[in-house]
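Numbering (my numbering), first residue to last: 48 to 333.
A virtual CB, placed ideally from N, CA and C, is assigned to each residue, including glycine.
I have placed the structure first, in the form of structure tokens, so that the comments after it can refer back to it.
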Amino acid sequence: MTINKELVRKNFSRHAFEYDLYAKIQKVMAIKLLQLVQHNTSKSYLNILEIGCGTGNLTKLLLEYYPNAKYTVFDLSESMIQQTKRKIGGMQKNIEFFAVDAERILSHDRMKEASDVCEDIFEQTYDLIISNATFQWFNAPKQTIKAYLNCLNANGVFAFSTFGPDTFYELHTSFYEVEKQLNIVHQQHGQKFMSMNEWQQVCKQQMNEICTVEEKITEQYRSVREFMHHVKRVGAGNASKHESSQADSGINRRLILNMEKYYTQHFASTQGVQATYHLCYGVYEK
């Protein structure tokens, strides 16, 4: 299932002003990721590339810990970059921001995307390449990661956090079971996430593993609809080309209503319903 990057960009841009109200998990991931880098490496990073800054939660932390570094920062959404600039305030003197698709600028037609970005990226290397909760938006994550590793200095560090395959397993289970009940051909709802083992296989081909961590966090929501609303507000709603093209037909409405019922019955919590976030972290050295 291909992710519609233009739709993702529009979703993020539309909700950039309120993203932080819903991005609790992404904030947790940013803090943990930087802690893993600090606790497992003792380097002084002078040239840092951040892929996917969002509203700047990780960017701000990086600036506080590495104030003398030079930063190159990407995000798909210009609106998100503007939120980051507001968050970091006067700490912008050593930062270049680029609103680009971090995958496309590495492809064969990258010069069409943003020639100034490509020239800047491919004429320098980085001490630290870091990304928080972004890789799940890549259509070709393995190839993209390998390409970015070529921009890493010898002994440079590559650090990331992303979502694992058990994320929202309650939602996926509910859809699957209801599709069987309604005799509907099963379709993938939402994104399919790579496992930590898959990430390790990609990274270990070019780097030494410093540490990897997996954890699961269970969040509570008053209802399935509140959960779905929350997901949409962090840009994850209808991100696939397949889902974005579906008509709002009667069978889809029936599917959604039955999914909500199944979800509520089988994944209830004291506060309503639960949703699992499967978080994966990796820190590697070239």
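{"Asked": "Do you know how far the Cα of Ile192 is from the Cα of Val249?", "Found": "8 Å"}
{"Asked": "Let me confirm a value: Ser89 is counted as buried when at least 16 other C-beta atoms fall within 10 Å, else exposed. Which label applies?", "Found": "exposed"}
{"Asked": "Just the Cα atoms here: how many angstroms apart are Ala322 and Glu170?", "Found": "43 Å"}
{"Asked": "Spell out a yes or no on whether the segment 130-145 and the segment 112-120 are touching, meaning 3 or more CB-CB pairs, one atom from each, closer than 8 Å.", "Found": "yes"}
{"Asked": "Would you please state the rounded distance, in angstroms, between the beta carbons of Asn179 and Gln318? I believe it to be under 8 Å.", "Found": "The pair is not a contact, with the Cβ atoms about 27 Å apart (cut-off 8 Å)."}
{"Asked": "One question on the structure: do Lys263 and His325 come within less than 8 Å of each other, judged by their Cβ atoms?", "Found": "yes"}
{"Asked": "May I have the straight-line CA-CA distance separating Met241 from Gly136, to the nearest angstrom?", "Found": "35 Å"}
{"Asked": "Classify Ser124: buried if its beta carbon has 16 or more other beta carbons within 10 angstroms, exposed otherwise.", "Found": "buried"}
{"Asked": "If you reduce the DSSP assignment to three classes, tell me which class Thr181 lands in.", "Found": "coil"}
{"Asked": "Using DSSP with H/G/I as helix, E/B as strand and the rest coil, what is Thr311?", "Found": "helix"}
{"Asked": "Going by the CB atoms, is the gap between Leu153 and Tyr173 shorter than 8 Å?", "Found": "no"}
{"Asked": "Mind checking which residues open and close the alpha helix (DSSP H) that includes Asn200?", "Found": "Looking at the DSSP string, Asn200 is not in any alpha helix (DSSP H); the run it does join, the beta strand (DSSP E), is Leu199 to Phe210."}
{"Asked": "Contact defined as beta carbons within less than 8 Å: I believe Leu302 pairs with Ile231. What is the distance between those atoms, to the nearest angstrom?", "Found": "7 Å"}
{"Asked": "Classify Asp174 as helix, strand or coil using the three-state DSSP reduction.", "Found": "strand"}
{"Asked": "Tell me which residues share the same chain as Cys258 and place their Cβ nearer than 7 Å to its Cβ, disregarding the 5 neighbours each side in the sequence.", "Found": "Leu83, Asn87 and Val330"}
{"Asked": "Taking all protein chains shown into account, do 16 or more other C-beta atoms lie within 10 angstroms of the C-beta of Gln188, making it buried, or fewer, making it exposed?", "Found": "With the sequence shown as reference, residue 188 is identified as Pro, and Gln is not the correct amino acid for it. Buried."}
{"Asked": "Report the three-state DSSP secondary structure of Thr220 (helix, strand or coil).", "Found": "helix"}
{"Asked": "Taking Cβ to Cβ, would you say Val278 is nearer than 8 Å to Val320?", "Found": "no"}
{"Asked": "Determine, using beta carbons only, whether Glu224 and Tyr309 come nearer to each other than 8 Å.", "Found": "yes"}
{"Asked": "Taking the beta carbon of Thr201 as the centre, do at least 16 other beta carbons fall within 10 Å, making it buried, or is it exposed?", "Found": "The residue you asked about is not Thr; residue 201 is Ala in the sequence shown. When all chains shown are included, Ala201 counts as exposed."}
{"Asked": "Note down, in chain order, each residue of its chain lying with its Cβ closer than 6 Å to the Cβ of Ser212, except the 5 sequence neighbours on either side.", "Found": "Before going on, a small fix: residue 212 reads as Pro here, not Ser. Cβ within range, chain order: Phe240 and Ser242."}
{"Asked": "Given this structure, state the Cα-to-Cα distance separating Arg151 from Asn299, to the nearest angstrom.", "Found": "33 Å"}
{"Asked": "From Gln228 to Phe222, what distance separates their C-alpha atoms?", "Found": "10 Å"}
{"Asked": "Measure the Cβ-Cβ separation of Ala77 and Leu105 and say whether it is below 8 Å.", "Found": "yes"}
{"Asked": "When the Cα atoms are used, what is the spatial distance from Lys134 to Gly103?", "Found": "7 Å"}
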